[in-house]
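When we follow our numbering, the leftmost residue of the sequence shown carries the number 175, and every step to the right adds one. Positions of the beta carbon are idealized from the N, C-alpha and C atoms, including for glycine. Predicted model, so just to flag it, every value in this text is computed and none were measured.
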Amino acid sequence: MNFDSDIVIGLEIHIQLDTNTKLFCSCPSKSSNETEEPNTRTCEVCLGMPGSKPVMNKSVLEYAMRLCLACECEIAKELIFSRKSYFYRDNSKNYQITQYELPLGNKGVIKLSNGKEIRLTRIHVEEDPASLTHPNGMQNSKYVLADYNRSGNPLCELVTEPDMTSAEEARDFMKQLISIL
């Protein structure tokens with residue numbers, strides 16, 4: 175790796191997958207109206223209730239695989255999901271189901287418009303957490319509201335190596351990624 179520049183940029187990007195249902199249950203992943211009530215698109219799996227059994231949405235795997243192939247990644251021969259434990263108010267389960275240890279795609283590349291190759295470390299699938307609202311703004315709210323409608327929506331996390339050396343390269347990278355998506 176060559177660090178001739180004072181600026182070194184690597185990115186971690188979360189890409190929402192446009193599926194009809196969530197990653198591990200049959201709850202709708204999108205709202206059917208503009209004024210959706212909080213916590214109406216949830217189930218035992220989304221909320222991590224004891225005894226609930228996740229079943230993977232096959233279209234998530236298809237979309238994620240297409241992204242990996244478009245980015246010239248090496249594809250894993252087996253899929254392994256883990257429970258990444260963390261306690262925060264946006265996650266009622268206190269864990270996130272993710273492929274962090276063994277990602278679906280490794281060692282990909284996205285070329286900038288000038289031909290420079292930006293190496294991808296990994297692309298993996300994981301769940302989105304809930305959305306949080308601070309009713310009086312972050313500094314002034316005495317409480318936080320959690321809406322679990324988004325919890326369990328499928329994401330691809332794409333991680334680059336620190337190959338970019340300017341904001342312009344990072345912007346170009348995002349443009350190239352958007353064109354792939």
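8 Å Cβ shell around residue i - same chain, five flanking residues per side excluded
i      : result
Glu210 : Asn323
Glu246 : Gly282 and Val283
Leu221 : Ser266, Lys267, Tyr322 and Ser325
Cys242 : Ile249, Leu278, Gly279, Gly282 and Ile297
Pro336 : Met175, Val182, Ile183 and Gly184
Glu275 : Ile254 and Ser256
Gly305 : Per the sequence presented here, residue 305 reads as Ser, with Gly not at that position. So the list reads Asp264, Ala320, Asp321, Asn323 and Arg324, once near-sequence residues are dropped.
Asn310 : Lys316
Lys359 : No statement about residue 359 is possible, as the shown extent of the chain runs from 175 to 355 and does not include it.
Cβ neighbours of residue i in the same chain (closer than 7 Å, five flanking residues each side left out)
i      : result
Ala244 : Ile354
His308 : Ser315 and Val318
Enclosing alpha helix (DSSP H) for residue i [first to last residue]
i      : result
Asp346 : Ala341 to Ile354
Lys267 : Counting along the chain, Lys267 falls outside any alpha helix (DSSP H), and DSSP gives it neither H nor E.
Arg240 : Lys232 to Ala244
Continuous beta strand (DSSP E) stretch holding residue i: start and end
i      : result
Val299 : Glu291 to Glu301
Gly141 : The structure shown has nothing for residue 141, since the chain only spans 175 to 355.
Ser287 : Run containing Ser287: none; DSSP gives neither H nor E here.
Lys258 : Ser256 to Ser259
Nearest-angstrom beta carbon gap, residue j and residue i [assumed within contact, 8 Å]
i      : j      : result
Gln270 : Phe255 : Gln270 to Phe255, Cβ: 10 Å. No contact.
Cut-off 6 Å between Cβ atoms - residues of its own chain near residue i, not counting five sequence neighbours on either side
i      : result
Ile189 : Cys330
Ala238 : Leu278, Val299 and Cys330
Ile187 : Leu332
Q. If you pair each beta-carbon of the region 190–210 with each one of the region 221–233, do three or more pairs fall below 8 Å?
A. By the Cβ rule, the region 190–210 counts as touching the region 221–233, because three or more pairs are nearer than 8 Å.
Q) Do the region 254–268 and the region 312–328 meet, that is, are 3 or more Cβ pairs less than 8 Å apart? A) These segments touch.
Q: Would you be able to state if there are at least three C-beta pairs under 8 Å between the region 298–310 and the region 334–346?
A: In short, these stretches do not touch, since the Cβ pair count stays below three.
(Q) Restricting to runs no shorter than 4 residues, where is the alpha helix (DSSP H) found entirely within the region 203–229? (A) Listed in chain order, the alpha helix (DSSP H) runs fully inside the region 203–229 are 218–221, counting runs of at least 4 residues.
Q) Which full runs of the alpha helix (DSSP H) of 4+ residues lie inside the region 303–340, going along the chain? A) Segments of the alpha helix (DSSP H) lying fully in the region 303–340: there are none.
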